[in-house]
Amino acid sequence: MLSVTGLTKVFPGTRALDGVDFTARAGEVHALIGENGAGKSTLIKVLTGVYRADGGSVTYQGEQVRFATPLQAQEAGISTIYQEVNLVPLMSVARNLFLGREPRRALGLVDFGRMHREAAQALAALGVRVDVRRPLGELSVGTQQMVALARAVSVNAKVVIMDEPTSSLEPREVETLFGVIRMLRERGIAVVYVSHRLDELYEVCDQVTVLRDGKVVHTGPLAELERLRLVSLMLGRQLGEVRAEGVTKFTGNHAREGRPVLAVDGLSVRHQLEKVSFAVGPGEVVGLGGLLGSGRSETVRAVAGALPPDAGTVAVDGAPVRTGSTPAAIRAGISLLPEDRKAEGIVPGLSVRENIALAALPGLSRFGLVDEKRVDEIVDTFVKRLRIKTSGVGQKVGELSGGNQQKVLLARWLAMHPKVLLLDEPTRGIDVGAKAEVQRLVDELAGEGLGVVLISSDPEELVEGSDRVVVLKDGAVVAELSGDGVSEDHLMAAIATAPSADEQSGKAEIASVVPPEDALLGGSGGGTGAAGKGTGMTELTLRATLADRQRLRHLLQEYGVYAGVVVLLLVNIAFTPHFLSTENFRTQAVQVAPIVIVALGMALAIGTEGVDLSVGAVMALATSLLSLYLGYGLVVALLMAALGGVLAGLASGALVAFVGVQPIVATLALMVGGRGLALVLLPQLKDVRNSGMNTLGTGSVLGIPYLVIIAAVLAVVVAFVVRRTTFGRQLLAIGDSRAAAKLAGLPVRRVLVIVYVVSGLLAAVAGILATARLQASDPTSLGTLMELSAITAVVVGGTPLSGGRVRIGGTVAGAVLIQLLTATLIKHDLPPSWTQIAQAVVIVLAVYAARERGKR
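So in the working numbering, the last one in the sequence shown is 2216, and the numbering has no gaps at all.
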């Protein structure tokens, strides 16, 4: 049905797949296993068009194929359920289920009634009863996974790939899933099953392929392979070593006498928690048991300050902790490893080094400057201690396997020397070896006196790893197990027999029925079109050639803006008269200086995944204030102009950080209001006659204009702040993953406000310098379309609109590129409108290049 031969995929510094051969046959469940980083997820993403293979061939239904997109793979009949739910949280359940294949009425209109009915039927077939009109993001992770499963099996697929499908499911949901898998097998569908849970593999899988370090180390019938041999193949160790390590067991029982290290009393959150109380002693591991939606995750989030409670107290070592504040909880010694490491844990665009040091940055800094030596020492210590598999600490965390990402997250919190560690599903979705390391680490930490709260959907793991188990149901504590009472039987009995509350509206209810085939496999849409079939992939036999191509592509993407500047310089030298004259260079330099300064602030805003559209209006406001107060002296006028920029930035920052207004809306309001206020203060052009302003606009040092010197100094300062200070690291983390930054205790609101204040101040400085150069205040035209020029400079310079990265050198080069482009068009008698068209083309090309970089 689906086979690959010699498949190769290379990432910078890592060969993720190395000559992989794999075959999934019709009517067969094929297990694909290996440690985290073995290449399983990469293989799946190559098969489904997410990644492009660098070598090898893929054959589907007898023909070689090369899927360019996941949609092509879906249309051809290959459905995938990923370990992390990749659906749209803001869309309804029904829309997610039928995304891209919505049932239609006449004139192409979506038939919402039919879509809602069929969505409800498909979910009911899996035992899930939920309001399909609700946004998916409001449901539990487990229910979202069931929605993803329903979507995958309702498209008449020929191949269904399941990547850790049970990682978020309860036991009853798992049984329902197994019923679906058996039915798919009976229908002649090929199932590729990825899981680290050996019991699951032996229950539903026929064949097994083991990957290690990107290579196939075993393929054959699973029934013929004993479990220890399977683990040995995965880990690359001898059977004796595997037996000696006891790879899936906690040792437990480290509890000590003494005052509780954590005391939770009467914690309540409206509609989520009801008077939850428990204590954790030093060296004690307390498990939180219960079904999905019982309040386990909500409890630890409330303790960690991520979920503000309506009532109740939290104390560490007897000292009260301010609830509803993540920074306060972290200062008290509480650290949370969240359930969803992708959304709230790691910052994927930052390196391993930066992720580990993220929460500890304030303590690793002096006067706001990061002590890089101390950071290196801490990072090296935890990379070795946790055996984090990486090509180097500079590698992006997003490129690591799930297990290694989890280790990085653990390292971040251990670097804070916590007193209490809250672990929400710490071993979910990681391989046997990584799981064993996490479990040993928990034992080790408890042995050192740390208080641990453990959440696990695996009853065996929860029971073996806990000294006591607090059982929750419907957000309330219903039982506490201790001593001999800590057993799977007692845990299940407590969950099953405790008084139940009414199910909340929309909460998933799992039925113990085998799903009818028609409801699952007879949905609308789908099909097995031939999209993606083609001539096959060319084998790249010369690794050096591949490396050279990747190196060239990287150079073009990283340094293309500088090459563009050089090309424009050469074109102008060749075809523009007097281009090399001193006067021309001076003119170009003073004209580009304000663009550079404004673009610096814009780069910071975009780095936080925001934007500042008000910069042009702030320039106009600054020139109006400057002219208005110049009669009181130059210093007063400069201060008032700068203050205007600061206040404008403060208004934008407050709207974004505290009110929650989208940056584009907040700064658009300031753009309109700021320009209007500038015209109220100064309705028309006014000459500026002041010797100080004249000197600022025309003076120079060693022939270098003051405007250029100021712009250069500001660029160096901003680059230093971004690269070397705690504030800069926090800014990048917020831009890459605001949820993770917040949970790491970073002052998200404060950083956002400062960013927009700095952007406003820099725009005001640019307005002052432009006024000094023109020797006139003209709020009607000054700063017009400056926001476009600044955004262009930033994007062309390599700062992605998605945030998480700021390239100051590239931004300066981008501003120079824009100025040279404008000057070139003007000097060759092209109308000004062509400048705007050229800028638009440059932006499109820059965004396309960024997208291509992201693909690879």
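Built from N, CA and C at the ideal position, the CB exists for glycine as well.
It should be emphasised that the depicted structure is a prediction, and the values quoted were computed from it without experimental measurement.
Is residue i near residue j, with beta carbons less than 9 Å apart?
i       : j       : result
ASP1573 : GLY1397 : yes
SER1695 : LEU1760 : no
VAL1488 : MET1506 : yes
LEU2092 : VAL1663 : no
VAL1629 : GLY1502 : no
VAL1453 : VAL1492 : yes
LEU1973 : LEU2030 : yes
ARG2089 : LEU1718 : yes
ILE1815 : GLY1678 : no
PRO1668 : VAL1674 : no
ILE1438 : LYS1518 : yes
LEU1544 : ALA1510 : no
LEU1622 : VAL1636 : no
GLN1567 : ALA1391 : yes
THR2227 : MET1962 : As shown, the chain starts at 1361 and ends at 2216. That puts residue 2227 outside it, with no answer to give.
LEU1590 : ILE1404 : no
ALA1953 : LEU2067 : yes
ALA2218 : LEU1362 : Summary: the structure shown does not reach residue 2218, with the chain confined to residues 1361 through 2216, and so no result is reported for it.
ALA2153 : ILE1955 : yes
ALA1949 : GLY2127 : no
ALA1959 : ALA2175 : yes
THR1983 : GLY2057 : no
ALA2017 : ARG2109 : yes
With a cut-off of 8 Å on the beta carbons, I'd call residue i and residue j a contact; round off their distance for me.
i       : j       : result
LEU1964 : SER2119 : 6 Å
ALA1512 : VAL1520 : 6 Å
LEU1851 : VAL1823 : 6 Å
ASP1378 : LYS1575 : 5 Å
VAL2166 : GLY1967 : 4 Å
PHE2198 : LEU2180 : Looking at the sequence provided, one finds Ala at residue 2198 rather than Phe. Their Cβ separation, rounded to whole angstroms, is 11 Å, which puts ALA2198 and LEU2180 out of contact at 8 Å.
GLY1709 : ASP1471 : That pair is no contact at about 40 Å.
VAL1418 : VAL1364 : 5 Å
ASP1784 : PRO1698 : 6 Å
Under a three-way DSSP split, which group does residue i fall into?
i       : result
PHE1638 : strand
PRO1495 : strand
PHE1939 : coil
THR1383 : strand
THR1374 : strand
TYR1411 : coil
HIS1850 : helix
PRO2065 : strand
ARG1828 : strand
ILE1482 : Note that residue 1482 corresponds to Ala in the displayed sequence, not to Ile. Helix at ALA1482.
SER2119 : helix
THR1750 : coil
GLN1632 : coil
VAL1931 : helix
MET1776 : coil
GLY1886 : Low confidence applies to GLY1886: its pLDDT is 39, below 50, so where it sits in the model is not reliable, and the reading given next is rough at best. Coil at GLY1886, not helix or strand.
LYS1369 : strand
ASP1972 : coil
ARG1545 : helix
ASP1731 : coil
ARG1726 : strand
PRO1581 : strand
LEU1447 : coil
SER1592 : helix
Going by DSSP, name the residue or residues bridged to residue i.
i       : result
TYR1442 : According to DSSP, which records beta bridges pairwise, TYR1442 is partnered with nothing at all.
VAL1389 : VAL1551
TYR1420 : LEU1362 and GLU1423
PRO1819 : PRO1819 is not bridged to any residue.
MET1522 : ILE1441 and TYR1553
Relative to the ligand SAM, is the shortest distance from any of its heavy atoms to the C-beta of residue i smaller than 8 Å?
i       : result
GLU1848 : Inclusion of the ligand SAM in the displayed structure is not the case, the ligand content being empty and no account of it being possible.
Using a Cβ-Cβ distance cut-off of 9 Å, determine whether residue i contacts chain C.
i       : result
VAL2032 : In the displayed structure, chain C is absent; only one protein chain is listed.
Fill in: Start-end ranges of the alpha helix (DSSP H) lying completely within the region 2148–2207, minimum 4 residues
2168–2187
Worksheet item: Counting only runs that start and end within the region 1651–1721, where is the alpha helix (DSSP H) found for 4 or more residues in a row?
Response: 1656–1663, 1686–1692 and 1712–1717
Practice prompt. Starting from the N-terminal side, write out each stretch of the alpha helix (DSSP H) that is 4 residues or longer and does not extend beyond the region 1449–1480.
Written response: 1453–1457
Item to complete: Go through the region 1974–2019 residue by residue and report every complete run of the alpha helix (DSSP H) that reaches 4 residues or more, in order.
Response: 1975–1989 and 1994–2014
Discussion item. Just to confirm the assignment: which complete alpha helix (DSSP H) runs, minimum length 4, are found wholly within the region 1547–1578?
Written reply: 1558–1564
Item to complete: List in chain order: all unbroken alpha helix (DSSP H) runs of 4+ residues lying wholly within the region 2073–2111.
Response: 2086–2096 and 2098–2103
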